[in-house]
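Chemist: Next up is a structure, given as structure tokens.
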Amino acid sequence: MSTRTAAVFAAVFIALVSADRTIHGGGHGQVAQEADSFQWDRYHSYAEVTAYVRRLADRYPQLASLDSAGKSSAKQRDIWILTITNTKTGRASDKPAFFLDGGTHAGELGGSETALYTAWYLVTRYGKDPQVTELLDTRAFYVMPRKDVDGQEVALTGKVDYDPAKVPGARDADGDGRIGEDAPDDVDADGRVLQMRIKDPNGEWKLSPEDPRIMRRRQHGDTGQFYRMVREGKDEDGDGRVDEDAPRTGFSSNRNYPARWSNEIGTKRGQGDFPVQEPETRAVVEFVTSHPNIAGMQSLHHYAGAILRPFCNLTDDNFPPQDLVYYDYIANRGREITNYGYIGVLNDFTGDPDGARYGVQIDWGYLHVGVITFTTEQWRYAGNIGPTGPWRDQTPEEQMARNDREFGGKHFVNWTPFKHPQYGDVEIGGWIQFSVSNPPADIMEAQMLIPNMRFILYHASTMPLVRVSDVKVTAKDGVYRINATIENQGLLPTNVTEQAIRAGIARPVAAKIELGPGMTLVSGSPTMTLGHLGGTPPVVKEYTFGSQAFGGANRRTVEWIVSGKGEITVTAASQKGGVHVRRTAISG
């Protein structure tokens, strides 16, 4: 990369992150030496995250272990993943597991912090928080704190030490045969890349009558002064456009998943040349598919203050009814915890159906993995809407009011006249994007980390949990009848979703008996297939007339007849509901 290109790229991300010390909580200090102590009032570098996850695994070996799920595309950094469970109660692979990731997009730093916070809370609160203790005794968590480790490091440091054009999936955005030659420029040299408004009788924007700082779309019949709006910068390549071909770290990893992936004209930019082309996406897909015990997933993003569910490019009538009922049940509890909205991506989040998203993680998690998967858009600048009522996007006036009321106006730069070398008289100003997209660090823990962590723990608690709840031994005519009750104690069925059955990826529950020395199986197969067990309690969907219950039928009883005395072992095994063993002695 040329020196100038690197400087430009760094300026762009410095602008996104901003020099505001309130946002960063006073700079990057040293991570606390104790694993129980970590600073949650600032954003953390890759080195700090790495040091901390290592410290957690070292200090709590019974609860946490650390692995690399893959290498990043540009710098070959490790993409860390923590496995968290109480190993004294069983291996992670024998328990229902929850997959959590943060840091999908470079500028959305809070997702990484929430994932790390959840890992920290699970490990350090075991034995103190009853919910955590129960979860780690019976379930497992796989936590990937930061997926886009290269992009987020650039966003935090403002330094680019690799050539974005050599990253897989890098794009020539304007089709002129060059990559990254027309990037945003800090033309007024104030250390920020903002926006420019330029007076133009044919412009599409006008001043808001409520607040002249705010730009509103021009409507039919409007009169007065109109403006063009562009990113602060110059036309570097002489094509008449400003900042249309900025250096990028690659494409969007959240358009590169294999579920309903597409590169047809009209789909969102960033899907790549083929599914899982990006190493970061591949790291997630390979890890999840190699851990079939994963029974729930969440990915942490910004911003909108909304819990998002599938589908991204299908309408809701493609859902099996019971799956949508369970989605709604879990997400509505999430609304109570977080005060976020809850919406389907295509139906309620995508303004233009022609701009539907393809190759998105939540669709992949549901359609290919067969589990309830959410994307949580964590931060809502203009405030949250509460656990009831329809979700809606905040208005610019609401954003500005909160900026003035709570943050002293520091997240918006007032429009300032400037003599542009190409366009003459312009005004430069607008939102500091980082401030809108990420919470100020000093309020991050209370307003984002804690409520989202609580929703994650609740979602994990709904996963199926298979147990051998009872073993009865009855003696008759010199042999023994063994009746074992296999029970699903989780809210979700052992197949988790009907989609998993339709896709042929849901394995039935099995019950197995093992006999001690000198014992003989007289009747029954050593291993019996039980099908799928419903969840408990049933979830009820109310209609205008009547209702429908999903769940129940969560128990099955199996029978064996054995001869001889000794110890028998009954094992219940479920792909998503875990493995449970119960031993019983037959002594006479």
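Under our numbering, the first residue of the sequence shown carries the number 567, and numbering increases by one thereafter.
Don't be surprised by glycine CBs; every beta carbon is placed ideally from N, CA and C.
1) Return the Cβ separation of N1054 and T1093 in integer angstroms, given the expectation that the two are a contact with Cβ distance under 8 angstroms.
2) When you compare the CB positions of K654 and A706, do they come within less than 8 angstroms of one another, or not?
3) Taking M1010 and G724 to be in contact with their CB atoms under 8 angstroms, please state how far apart those CB atoms are, rounded to whole angstroms.
4) Here's the rule I'm using: 16 or more other beta-carbon atoms within 10 Å means buried, otherwise exposed. How should V1002 be labelled?
5) Give the secondary structure of S611 by DSSP, where H, G and I count as helix, E and B as strand, and everything else as coil.
6) So the alpha helix (DSSP H) V891 belongs to, where does it begin and stop?
7) Under three-state DSSP, which class holds F853?
8) Which residue marks the beginning of the alpha helix (DSSP H) containing F940, and which one marks its end?
9) From what residue to what residue does the beta strand (DSSP E) around F665 run?
10) Determine the DSSP secondary structure at R683, reduced to helix, strand or coil.
11) Determine the contact status of G871 and R946, defining contact as a CB-CB distance below 8 angstroms.
12) For M781 versus R794, is the C-beta distance shorter than 8 angstroms?
13) Count the other CB atoms, across all protein chains shown, that sit within 10 Å of the CB of Q960; report buried if there are 16 or more and exposed otherwise.
14) Per the contact definition of three or more C-beta pairs closer than 8 angstroms, is the stretch 909-923 in contact with the stretch 841-851?
15) Just to confirm my understanding: we take R899, look at its own chain, exclude 5 residues before and 5 after, and list those with CB closer than 7 angstroms. What are they?
16) CB-CB under 7 angstroms to Q628, same chain, minus the five flanking residues each way: which ones, in chain order?
17) Once DSSP output is grouped into helix, strand and coil, what is the label at F792?
18) Could you name the residues of the same chain whose beta carbon sits closer than 6 angstroms to that of A977, not counting the 5 residues immediately before and after it, in chain order?
19) For T916, which residues does DSSP report across the bridge?
20) Contact between the stretch 881-891 and the stretch 683-699 is defined here as three or more beta-carbon pairs at a separation below 8 angstroms; is this criterion met?
21) Taking the alpha-carbon of A658 as reference, which of A1119, W771 and I860 has the nearest alpha-carbon?
22) Starting from A1115 and walking both ways along the beta strand (DSSP E), at which residues does that stretch end?
23) Hey, how far is the Cα of E614 from the Cα of Y728?
24) What residue range does the alpha helix (DSSP H) around T931 cover?
25) Among D894, G936 and A617, which residue has its Cα nearest to the Cα of G907?
26) Can you tell me the Cα-Cα spacing of I1134 and A1151, whole angstroms?
27) From G668, T649 and Y687, pick the residue whose C-alpha is nearest to that of Y612; which is it?
28) Helix, strand or coil for Q864, going by three-state DSSP, please let me know.
29) Can you tell me whether N829 is helix, strand or coil according to DSSP?
30) Quick one, are the C-beta atoms of P1017 and I903 less than 8 angstroms apart?
31) I'd like to check one pair, D751 with S819: are the Cβ atoms closer than 8 angstroms?
32) Under the three-state reduction of DSSP, which class applies to S639: helix, strand or coil?
33) Hey, could you find the ends of the alpha helix (DSSP H) H1025 is sitting in?
34) Taking the alpha-carbon of W1126 as reference, which of N1120, G1097 and T1051 has the nearest alpha-carbon?
Modeler: So, from the listed chains and residues:
1) Position 488 of the sequence shown, counting from 1, holds the residue named residue 1054. Position 527 of the sequence shown, counting from 1, holds the residue named residue 1093. Contact flag wrong, Cβ pair sits at about 18 angstroms.
2) Taking the first residue of the sequence shown as position 1, residue 654 is located at position 88. Taking the first residue of the sequence shown as position 1, residue 706 is located at position 140. No, they are not a contact pair.
3) Reading the sequence shown from its first residue, position 444 is the one you call residue 1010. Reading the sequence shown from its first residue, position 158 is the one you call residue 724. With 8 angstroms as the limit, M1010 and G724 do not qualify as a contact, their Cβ atoms being about 20 angstroms apart.
4) Here residue 1002 refers to the residue found at position 436 when the sequence shown is read from its first residue. Looking at its Cβ environment, which holds 16 or more other Cβ atoms inside 10 Å, V1002 is buried.
5) Position 45 of the sequence shown, counted from the start, is the residue given in the question as residue 611. Residue state, collapsed to three classes: coil.
6) As a position in the sequence shown, residue 891 is number 325, starting the count at 1. That run of the alpha helix (DSSP H) goes P887 to T904.
7) Looking up residue 853 in the sequence shown gives position 287. In the structure shown, F853 sits in a helix (DSSP, three-state: H, G or I).
8) Against the sequence shown, residue 940 aligns to sequence position 374. Note, F940: premise wrong, no alpha helix (DSSP H); beta strand (DSSP E) at I938 to E943.
9) Residue numbering aside, residue 665 sits at position 99 when the sequence shown is read from its first letter. F665 -> beta strand (DSSP E) spans A663 to G668.
10) The residue labelled residue 683 in the question sits at position 117 within the sequence shown. Note on residue identity: the sequence assigns Tyr, not Arg, to residue 683. The answer is helix: DSSP assigns Y683 an H, G or I state.
11) Along the sequence shown, read from residue 1 onward, the residue named residue 871 stands at position 305. Along the sequence shown, read from residue 1 onward, the residue named residue 946 stands at position 380. In this structure, R946 lies closer than 8 angstroms to G871 by Cβ.
12) The residue given as residue 781 occupies position 215 in the sequence shown. The residue given as residue 794 occupies position 228 in the sequence shown. Cβ atoms of M781 and R794: not closer than 8 angstroms.
13) Looking up residue 960 in the sequence shown gives position 394. Q960 comes out buried.
14) no
15) By 1-based counting over the sequence shown, the position of residue 899 is 333. Cβ neighbours of R899 beyond the five flanking positions: Y1024.
16) Locating residue 628 in the sequence shown gives position 62, where the first residue counts as 1. Cβ neighbours of Q628 beyond the five flanking positions: N652, T653 and K654.
17) As a first step, residue 792 must be located in the sequence shown, where it is residue number 226. Looking at F792 - three-state DSSP - the assignment turns out to be coil, as it is neither helix nor strand.
18) The residue given as residue 977 occupies position 411 in the sequence shown. In the sequence as presented, Ala is not what sits at residue 977; that position holds His. Only N969, I998 and S1001 meet the Cβ criterion.
19) Counted from its first residue, the sequence shown places residue 916 at position 350. T916 pairs with nothing; no bridge assigned.
20) no
21) Here residue 658 is taken as the residue at index 92 of the sequence shown, counted from 1. For the residues A1119, W771 and I860, the minimum Cα distance to A658 belongs to I860.
22) Here residue 1115 corresponds to residue number 549 of the sequence shown, with the count starting at 1. A1115 -> beta strand (DSSP E) spans S1113 to F1116.
23) In the sequence shown, residue 614 corresponds to position 48, counting from 1. In the sequence shown, residue 728 corresponds to position 162, counting from 1. Taking the straight line joining both Cα atoms gives about 21 angstroms.
24) Against the sequence shown, residue 931 aligns to sequence position 365. Checking the displayed sequence, the identity of residue 931 turns out to be Gly instead of Thr. Q927 to L933 is the span of the alpha helix (DSSP H), which, as asked, contains G931.
25) By 1-based counting over the sequence shown, the position of residue 907 is 341. Residue D894 is the option with its Cα nearest to G907.
26) By 1-based counting over the sequence shown, the position of residue 1134 is 568. By 1-based counting over the sequence shown, the position of residue 1151 is 585. Distance between the alpha carbons of I1134 and A1151: 6 angstroms.
27) Here residue 612 refers to the residue found at position 46 of the sequence shown. When each option's Cα is compared against that of Y612, the closest is G668.
28) Taking the first residue of the sequence shown as 1, we reach residue 864 at position 298. Q864 falls in the strand class under three-state DSSP.
29) Residue numbering aside, residue 829 sits at position 263 when the sequence shown is read from its first letter. Reduced to three states, the DSSP call for N829 is coil.
30) Locating residue 1017 in the sequence shown gives position 451, counting from the first residue. Locating residue 903 in the sequence shown gives position 337, counting from the first residue. Cβ atoms of P1017 and I903: closer than 8 angstroms.
31) Sequence index remark: in the sequence shown, residue 819 carries index 253 (1-based). Sequence index remark: in the sequence shown, residue 751 carries index 185 (1-based). No. Outside cutoff.
32) Walking along the sequence shown from the start, residue 639 turns up at place 73. DSSP places S639 in coil when its eight states are reduced to three.
33) The count along the sequence shown starts at 1 and reaches residue 1025 at position 459. It spans I1016 to S1027 - the alpha helix (DSSP H) in which H1025 sits, taken as one unbroken run.
34) Counting from one through the sequence shown, the residue named residue 1126 turns up at place 560. Ranking the options by Cα distance to W1126, first place goes to T1051.
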